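**Q** Take the sequence shown: its position 286, counted from the start at 1, is 285 in numbering that gives the first Met the number 0, and no numbers get skipped.
The C-beta atom is built at its ideal place from N, Cα and C for all residues, glycine as well.
Here the structure is a predicted model, which is why all the values come from computation and not from measurement.
Before anything else, here's the structure in question.
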Amino acid sequence: MELNQISPYIRVAMDSVIESPWTIEERMIWDYELLFLMEGQLEVRVEEQIYEGRPGDVFFFKPGERHAIKSKGTQTIRQPHVHFDLNVLPDSPDVTVSFKSIEQMSEKEKEWFRTDLLSTSPYFIPNHFRPRDSAHLERVLFDLIREHETKPPYYEFRVKSAMLDLLAILLREQYYGGKANKEGQVEFLSEIRTYIDRHVNQNVTLEELSEKFHVSKFHLIHLFKTMFQMTPIQYHQYIRMERAKNSIQFSNTPLSQIAEQLGFANIHTFSRAFKTVMGKSPSHFRVNR
0 MELNQISPYI RVAMDSVIES PWTIEERMIW DYELLFLMEG QLEVRVEEQI YEGRPGDVFF
60 FKPGERHAIK SKGTQTIRQP HVHFDLNVLP DSPDVTVSFK SIEQMSEKEK EWFRTDLLST
120 SPYFIPNHFR PRDSAHLERV LFDLIREHET KPPYYEFRVK SAMLDLLAIL LREQYYGGKA
180 NKEGQVEFLS EIRTYIDRHV NQNVTLEELS EKFHVSKFHL IHLFKTMFQM TPIQYHQYIR
240 MERAKNSIQF SNTPLSQIAE QLGFANIHTF SRAFKTVMGK SPSHFRVNR
């Protein structure tokens with residue numbers, strides 16, 4: 000596969016919210032599907048393998064694979080997803096999303112199966128995994144969905160770009176995950192990230208992390224960036240600002256109170272940090288919500 004020649008065709012991109020119980024009977028799809036489980040629980044069968052899906056999990060379905068999906072429990076299922084071809088093909092506009100088993104397909108439909116190029120090294124993407132940086136994946140996926148649904152001028156460039164970004168995220172997950180597993184660092188780094196997550200509302204320093212987890216600052220930065228593509232402090236600032244952005248957009252809490260809740264000394268320090276990470280001021284997200 001020549002990476003420079005990849006030009007995805009986006010067939011469907013949507014944020015789907017479904018009440019339980021919900022089932023997709025066994026089917027084969029002609030294209031690829033990326034499904035990100037945000038809410039609820041799923042039981043997913045791919046060929047003979049059964050997976051339990053929790054919020055934050057990714058499912059990746061490939062052309063010609065038998066699979067079935069059903070909800071577990073009573074919670075609403077939220078599963079933004081995208082169907083795509085890896086490259087634009089002459090029949091790409093004609094191919095639909097399949098809900099059929101191979102036995103139910105016409106001879107013409109059986110000709111629609113795309114060649115699967117994402118099941119062998121070095122471009123292998125598994126059917127199910129839990130990304131280390133789900134916030135990044137979620138953000139790019141929703142950028143794609145918004146562009147595809149609203150179709151502003153030249154949206155075609157943006158959806159292709161977002162899909163390529165998603166593919167890079169998925170492939171890097173496997174590349175860096177495999178490397179970290181070989182080095183035996185997954186649990187250690189996950190513990191550090193959990194600590195940062197739990198201290199989102201206060202300052203966290205490299206010195207503090209180095210002392211608590213008995214690792215040099217240089218080695219900590221190297222390991223963390225290899226796994227999560229950002230330093231520990233960058234990650235802390237990012238999740239801090241994501242939480243702030245959600246509060247700004249989805250509540251009427253004063254900006255000064257949000258700043259205080261997240262451990263900032265004052266609104267001015269908060270505003271500078273927010274703009275550095277998000278590229279826009281806090282008031283921009285409050286006005287444009």
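1) Can you give me the C-alpha to C-alpha distance between L36 and I23, rounded to a whole angstrom?
2) Below 8 Å on the Cβ atoms is my contact criterion, and I expect V139 with I168 to pass it. Report the Cβ-Cβ distance as a whole number of Å.
3) Just checking my contact of Y154 with H147 at CB under 8 Å: how many whole Å lie between their CB atoms?
4) Give the secondary structure of T275 by DSSP, where H, G and I count as helix, E and B as strand, and everything else as coil.
5) Which parts of the segment 114–202 are runs of the beta strand (DSSP E), unbroken and 3 residues or longer, counting only runs that do not cross its ends?
6) Residues in the same chain with beta-carbon distance under 8 Å from Y122, minus the five sequence neighbours each way, listed in chain order, please.
7) Return the CA-CA distance between S97 and M27, expressed in angstroms with no decimal places.
8) Count the other CB atoms, across all protein chains shown, that sit within 10 Å of the CB of R218; report buried if there are 16 or more and exposed otherwise.
9) How big is the Cα-Cα spacing for S282 and V158?
10) Which of the three DSSP states, helix, strand or coil, is assigned to H218?
11) Rounded to the nearest angstrom, how far is the Cβ of F60 from that of Y8, given a contact under 8 Å?
12) Decide if V43 is buried, meaning its Cβ has at least 16 other Cβ atoms within 10 Å, or exposed.
13) Check whether the Cβ atoms of G52 and S133 sit closer than 8 Å, and answer yes or no.
14) With distances taken from CA atoms, which of I68, S118, V94 is nearest K107?
15) Quickly, what does DSSP pair Q48 with across the bridge? List them, please.
16) Between the Cα of I232 and those of E207, A161, H135, L41, spot the shortest distance and give me the residue it belongs to.
17) Would E64 pass as a contact of E46 if the rule is Cβ separation under 8 Å?
18) Can you give me the Cβ contacts of E186 inside the same chain, cut-off strictly under 8 Å, excluding the 5 residues immediately before and after it?
19) Based on DSSP bridge pairs, tell me the residues matched to D84.
**A** Per the coordinate set shown:
1) Distance between the alpha carbons of L36 and I23 is about 15 Å.
2) 7 Å between Cβ atoms; contact.
3) In this structure Y154 is in contact with H147, their Cβ atoms being roughly 7 Å apart against a cut-off of 8 Å.
4) Helix, per DSSP.
5) If only uninterrupted beta strand (DSSP E) runs of at least 3 residues are considered, none is enclosed by the segment 114–202.
6) Closer than 8 Å at the Cβ level, and outside the excluded window around Y122, lie M0, L116, L170.
7) Rounded to whole angstroms, S97 to M27 spans 7 Å at the Cα level.
8) The sequence shown places His at residue 218, rather than the Arg named in the question. Taking a 10 Å sphere around the C-beta of H218, we find fewer than 16 other C-beta atoms and assign the residue as exposed.
9) Between S282 and V158, the C-alpha separation is close to 28 Å.
10) It is helical.
11) Incorrect: roughly 16 Å between the Cβ atoms, too far for contact.
12) V43 counts as buried, since at least 16 other C-beta atoms from the protein chains shown sit within 10 angstroms of its C-beta.
13) No, these two residues do not count as a Cβ contact at 8 Å.
14) For the residues I68, S118, V94, the minimum Cα distance to K107 belongs to V94.
15) DSSP output for Q48 lists V45 as bridge partner(s).
16) Out of E207, A161, H135, L41, the CA that lies nearest to the CA of I232 is found in E207.
17) Yes.
18) Taken in chain order, the list of residues that qualify is empty.
19) Answer is Y8.
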